[in-house]
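Asker: Residue numbers (this note's numbering), protein chains in the order written: chain A, 122 to 479; chain B, 381 to 1036.
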Amino acid sequence: MTAQEVEVDPVGAGQPDPVISVRDVWKVFGPKASEVPKSPELCALSRRELMDRTGCTAAVRDVGFDVAPGEVFVVMGLSGSGKSTLVRCLTRLVEPTSGQVLFEGEDILAADEKRLRDLRRNKFSMVFQHFGLLPHRRVLDNISYGLEIRGVGKAERAKRAMEVVDLVGLSGYEKSYPDQLSGGMQQRVGLARALAGDPDVLLFDEPFSALDPLIRRDMQNEVVRLHREVGKTMLFITHDLSEALKLGDRILIMRDGKVVQVGTGDELVGAPVDDYVRDFVRDVPRANVLTLKWIMRDPRPDDVLDGPELGPDVVVRDATRAVLAAAAPVKVVRDGELLGIVGDEEILAVVAGQEADA
Amino acid sequence: MAAVAVSGVDFRRPSRGVVVALILALWLALWAVLKGLHTLALGPAQLTPLHQGLNDLNDAIGASRNTNPLFLYFFNEIRLVIDEFVILVQSLIAQPAFGRPLPLIGWLGVVALAAFVSYAAGGFRVALLAAAGFTFLGLQGLWQESMDTLALTLSAVLIALLFGIPIGIWAGLSDRFAKIITPVLDFMQTMPTFVYLAPLTLFFLIGPASATIATLIYAAPPAIRLTAHGIRNVPGDTVEASESLGATRAQTLGKVLLPTAKRTIILGVNQTMMAALSMVTIAALIDAPGLGKTVIKALQTLDVGTAFNAGLAIVVLAIVLDRVTTAAGTRVERARQNRNPLAAKVRTGGLIGGGALTAVAIWLSYTYVWAAEFPSDGEIGGSIAKGVATATDWVQGNLSGITNGVKDFATLVLVDPLQSVLTGSPWWLVAAAVVAISVVLGGVRAAIGSAVCLGLLVATGLWQDAMATLASTLVATAAVMVLGVVVGVWMGRSSHADRFIRPVLDAAQTMPAFVYLVPFLALFAASRFTAIVAAVVFAAPVAIKIVADGVRAVSPTTVEAATASGSSAWQTITKVQLPMARQALVLATNQGLIYVLSMVVVGGLVGAGALGYDVVAGFSQGQLYGKGLAAGLAIVVLGVLLDRLTRAAAARTGRA
Chain A
122 MTAQEVEVDP VGAGQPDPVI SVRDVWKVFG PKASEVPKSP ELCALSRREL
172 MDRTGCTAAV RDVGFDVAPG EVFVVMGLSG SGKSTLVRCL TRLVEPTSGQ
222 VLFEGEDILA ADEKRLRDLR RNKFSMVFQH FGLLPHRRVL DNISYGLEIR
272 GVGKAERAKR AMEVVDLVGL SGYEKSYPDQ LSGGMQQRVG LARALAGDPD
322 VLLFDEPFSA LDPLIRRDMQ NEVVRLHREV GKTMLFITHD LSEALKLGDR
372 ILIMRDGKVV QVGTGDELVG APVDDYVRDF VRDVPRANVL TLKWIMRDPR
422 PDDVLDGPEL GPDVVVRDAT RAVLAAAAPV KVVRDGELLG IVGDEEILAV
472 VAGQEADA
Chain B
381 MAAVAVSGVD FRRPSRGVVV ALILALWLAL WAVLKGLHTL ALGPAQLTPL
431 HQGLNDLNDA IGASRNTNPL FLYFFNEIRL VIDEFVILVQ SLIAQPAFGR
481 PLPLIGWLGV VALAAFVSYA AGGFRVALLA AAGFTFLGLQ GLWQESMDTL
531 ALTLSAVLIA LLFGIPIGIW AGLSDRFAKI ITPVLDFMQT MPTFVYLAPL
581 TLFFLIGPAS ATIATLIYAA PPAIRLTAHG IRNVPGDTVE ASESLGATRA
631 QTLGKVLLPT AKRTIILGVN QTMMAALSMV TIAALIDAPG LGKTVIKALQ
681 TLDVGTAFNA GLAIVVLAIV LDRVTTAAGT RVERARQNRN PLAAKVRTGG
731 LIGGGALTAV AIWLSYTYVW AAEFPSDGEI GGSIAKGVAT ATDWVQGNLS
781 GITNGVKDFA TLVLVDPLQS VLTGSPWWLV AAAVVAISVV LGGVRAAIGS
831 AVCLGLLVAT GLWQDAMATL ASTLVATAAV MVLGVVVGVW MGRSSHADRF
881 IRPVLDAAQT MPAFVYLVPF LALFAASRFT AIVAAVVFAA PVAIKIVADG
931 VRAVSPTTVE AATASGSSAW QTITKVQLPM ARQALVLATN QGLIYVLSMV
981 VVGGLVGAGA LGYDVVAGFS QGQLYGKGLA AGLAIVVLGV LLDRLTRAAA
1031 ARTGRA
């Protein structure tokens, strides 16, 4: 979301090793599902054709990506795009048909049942769209459920649960039952349950889709805050582009089970790979997403180059005032090197929405 | 597309009705000519080779019971284990045991225990109800009988749950297993209760084991179904959340699935309990001790007073068991809402105090005769019986004009003509007509099913009796459907009516089938008509509920649209609600038929004759055993025939 994180390129050399690496993952439902990923011919078919040919549904098709430590990685797509199935493949709540899921270099798909349970207990936690709370347990017992099944003692469970209760802003509701809470508060319980086990990775499956818009915004801010405070790696599923742009360091757009594009928010808006993505991002307020590097131009001979300097990753909205106030165009500079300049015209084109499609 | 489908229906439906009418007309015409020919009549004491063969089989099994390995190592073992278990429960509360002249726990102890268990499971109000109810049983002079019934019911319920809940969990978790078990459960529940008593005695002798197993067959399905339903309905997210946190399967089952499904499972326990009580009373026919036996004896001697007294005891027992288990179900919810710490303290205190009192009461009832044997001074059972007998006499003396009028009218106008057509036609004519109707209503496959069933009926050698039973069943079902549509539509359209009538129907459904015979015996004396009326009353609640739900399920928008275009209430009902609730109507007919059939057969006890009588006679007379068995078979075949035919018709209607 911010300029510094955009620079992280997890596959690049010298970068930290990815926490999660997903390679060629397929999930096919139906008879003889395992045959589909093996056959190049079947792989080439569209979902519809595959259905007609074999009776199989390919929910996830040849998906691969990396998630860096501490990153918020968003998978976005419309309903039926396979994003919920994909996130379930990571911890094998849904067993992938083929491919590799590496967690810190270990292949999760090769793990036996016990190892898988260990991973689920200690390394991953998930937050669900419909909360998935236990109606017969109080808030505190819901939160400590994960610790309970790990065999943590009662006193320690309660202590740890109280800590996360404070962290997610549920203080005073510890003794309530889920059905006595609003949707937003219930999802806080879901969040607290996920945090209680102190996992390395948090998975969110459309956690806020069932909430009304105001509460959704609150909860999104809550996630931003939590990410700042606990700094965990997060993988976030959503169908809401503004949510994706707000939370995601990088965003993966899925369609019909396939990856369409992976990139930062400004990359998606500034350089959509195809009409589908372009259509998707059409209504995004570009000034809030694009950075100066997307709108700068090369200096012309008649330009006066004594304007103020700004970095290439400054968001247009934040630069607007400075550019308009300056008498000369703003110089976009990185490490003392002049990359380009931005004048009133470029800024106004974005702010007023008149910029030609890139 | 839709318009084409609709016009297709319009074109076909009347034509189907016309074809059926034509078949019936042709049948009537041929009946007039061929009356009395090939009717396969069989006198009450006459036997066919099949019946004789079944008798011989019975004798052979009796002779080899202690030599045949299948019996030695299988049936006899099961019988012994169940017998032992039932006798243990009986010796606790019902029968003299361990060298004592009285059971271990006397009346005071049982009343205290019942109240305490009710308090723990439900709450203070049901505890009071249980204590009052049980005391009333004693006052009726039926303590021993009631305890016998209770002991048998509880043993059967315990065994049913022991098997039923694990099977239900399995069925809830595995789709494949659910697919296998569902038709089995359907079969267990649709078979008339009366029917499997006799075959069971073949393998397990007359006694507690047969009674318990019969009860199990009838009572276990609700527990299995509702457990599976409860497990299945736990939200997927919740289960996934548990798995995503690394729970083992056992942890997910014990900490998520079972607690979440608890309420539904308790509902299953409730239904199993009511079904068990109902069956235990019927099992009196194979010598199960208890209230059922009192009712049957009284019915056979037409002693309405005594039958009423014992029937009332069954009702009291049913109400107590139903209320307590229902309260246990709602407590699961209530406990969660109630966060008042004082209430929790009161409850803990109540449990400790109540437990202590109960222990004292049990000790007293173990030690002292006055607390063990219900005192006979305050008995009111005799007066109840006498009062009812007087009332019955008065009704029969003074209202006989009305009751006989109703009875004779219905018998002459409805039952007799139908019965004489069915029993008087040559068997092949009836068979041909039924097969032809099957083709029209359900297609070729339904017709083949019908033909097989009809062949089996002929083979049982009880064709004419079967036709007589069929006549009563059809008349009663027609009455049930009239009631079902009238009351069901009323309930479906008015939530007021629904709110008042539904609890009555629920209560009526928890009553054991037997009890329904008593009041009608008082009104109409022993006759076919009595059995028919009892069957109508027994089956109506189910049919009414299904119709009401069907009418209610019609989309309100559609009804609103009909009203907006100016339909009168009558037009809305006949042109919108009933046609759209067609599926429900067919289902109601199907269920109505099954319920009626099982009750018409019980009516064999009060003069309904035909198959029901054959079964009852088979229990009591050795040389008619095989015939009774064949009659039971004929009832099942009749049930299957009617069930399949209505289902096939329903599938047709659904498709069209």
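Just so it is clear, CB atoms sit at the ideal spot from N, CA and C, and this is done for glycine as well.
(1) Between which two residues does the alpha helix (DSSP H) carrying GLN221 of chain A extend?
(2) Using the C-alpha atoms, what's the distance from VAL768 of chain B back to GLY685 of chain B?
(3) Do GLY983 of chain B and VAL575 of chain B count as a contact pair if the criterion is CB distance below 7 Å?
(4) Name the two residues that bound the continuous beta strand (DSSP E) containing MET197 of chain A.
(5) Give the residues of chain A in contact with THR640 of chain B, contact being defined as C-beta atoms less than 8 Å apart.
(6) PRO190 of chain A: which of A:ALA165, A:LEU223, A:VAL140, A:GLU170 sits nearest, CA to CA?
(7) Work out the CA separation of GLU623 of chain B and ALA1010 of chain B for me, nearest whole Å.
(8) Any beta carbon from chain A within less than 7 Å of ALA621 of chain B's own beta carbon?
(9) Apply the 10 Å Cβ neighbour rule to PRO137 of chain A and answer buried if 16 or more other Cβ atoms are within range, or exposed otherwise.
(10) Is it buried or exposed, PHE478 of chain B, if we count other Cβ atoms within 10 angstroms and call 16 or more buried?
(11) Pairs of beta-carbons, one from the stretch 984–991 of chain B and one from the stretch 847–858 of chain B, closer than 8 Å: are there three or more?
(12) By DSSP, does GLN125 of chain A sit in helix, in strand, or in coil?
(13) Beta-carbon of ASP555 of chain B versus every beta-carbon of chain A: anything under 7 Å?
(14) Among B:SER658, B:ILE597, B:LEU553, which has the Cα closest to the Cα of ARG612 of chain B?
(15) If you count every other CB in all the chains shown that lies within 10 Å of the CB of VAL413 of chain B, and 16 or more means buried, which is it?
(16) Can you name the residues of chain B whose CB is closer than 7 Å to the CB of PHE252 of chain A?
(17) Specify whether the stretch 420–439 of chain A and the stretch 451–469 of chain A touch according to this definition: at least 3 beta carbon pairs, one from each stretch, less than 8 Å apart.
(18) Indicate the three-state DSSP secondary structure (helix, strand or coil) for LEU460 of chain A in the structure shown.
(19) Which whole-angstrom value is the C-beta distance of SER1000 of chain B and THR573 of chain B, which I expect to be below 8 Å?
(20) From the beta carbon of ILE270 of chain A, is the nearest beta carbon of chain B less than 7 Å away?
(21) I'd like the span of the beta strand (DSSP E) that includes ILE645 of chain B, first residue to last.
(22) Would ARG879 of chain B be called buried (16 or more neighbouring beta carbons within 10 Å of its own) or exposed?
(23) Please report how far the alpha carbon of ALA739 of chain B lies from the alpha carbon of GLY502 of chain B, in whole angstroms.
(24) Is the shortest distance between the beta-carbon of ALA723 of chain B and the beta-carbons of chain A less than 7 Å?
(25) Does the stretch 628–640 of chain B come close enough to the stretch 496–512 of chain B to have 3 or more Cβ pairs within less than 8 Å?
(26) Put MET960 of chain B into one of helix, strand or coil per three-state DSSP.
(27) Starting from LEU532 of chain B, find everything on chain A with Cβ-Cβ shorter than 9 Å and list it in chain order.
(28) If I follow the unbroken beta strand (DSSP E) through ASP878 of chain B, where does it start and stop?
(29) Rounding to the nearest angstrom, what Cα-Cα distance links PRO131 of chain A and PHE194 of chain A in this structure?
(30) According to the neighbour-count rule (16 or more other Cβ atoms, all chains shown, within 10 Å of its Cβ), is PRO563 of chain B buried or exposed?
(31) Quick one, are the C-beta atoms of VAL157 of chain A and VAL149 of chain A less than 7 Å apart?
(32) Could you name the residues of the same chain whose beta carbon sits closer than 6 Å to that of ILE645 of chain B, not counting the 5 residues immediately before and after it, in chain order?
(33) Whose Cβ in chain B lies nearer than 9 Å to the Cβ of ASP239 of chain A?
(34) I believe ALA599 of chain B touches MET659 of chain B by the beta-carbon criterion, under 8 Å. Please report the beta-carbon distance rounded to the nearest angstrom.
(35) Helix, strand or coil: how does DSSP classify MET493 of chain A here?
(36) Would you mind reading off the limits of the alpha helix (DSSP H) that contains GLY304 of chain A?
Answerer: Short version:
(1) Unbroken run through GLN221 of chain A is the beta strand (DSSP E), 219–224; no alpha helix (DSSP H).
(2) 5 Å
(3) no
(4) 193–197
(5) LEU255, PRO256, HIS257
(6) A:VAL140
(7) 54 Å
(8) Interface criterion met: the Cβ of ALA621 of chain B is under 7 Å from a Cβ in chain A.
(9) exposed
(10) Burial call: exposed.
(11) yes
(12) At GLN125 of chain A, the pLDDT of 40 sits below 50, so the modelled position is not reliable; the number obtained from the coordinates is stated separately. GLN125 of chain A: helix per DSSP, three-state reduction.
(13) no
(14) B:LEU553
(15) exposed
(16) ASP617
(17) Flag = yes, the stretch 420–439 of chain A and the stretch 451–469 of chain A touch.
(18) In the structure shown, LEU460 of chain A sits in a strand (DSSP, three-state: E or B).
(19) In fact, because the Cβ distance is near 18 Å, the residues do not count as touching under 8 Å.
(20) yes
(21) Here ILE645 of chain B belongs to no beta strand (DSSP E); instead the alpha helix (DSSP H) covers 638–662.
(22) exposed
(23) 19 Å
(24) no
(25) no
(26) helix
(27) The premise fails here: LEU532 of chain B is roughly 34 Å from chain A at the closest Cβ pair, so nothing lies under 9 Å.
(28) Unbroken run through ASP878 of chain B is the alpha helix (DSSP H), 875–890; no beta strand (DSSP E).
(29) Low confidence applies here, because PRO131 of chain A scores a pLDDT of 44, under 50, leaving its location unreliable and the question unanswered by this model.
(30) exposed
(31) yes
(32) THR607, GLY610
(33) GLY626
(34) Correct: roughly 6 Å between the Cβ atoms.
(35) As displayed, chain A neither begins before 122 nor continues past 479, which places residue 493 of chain A out of reach and without an answer.
(36) 304–317
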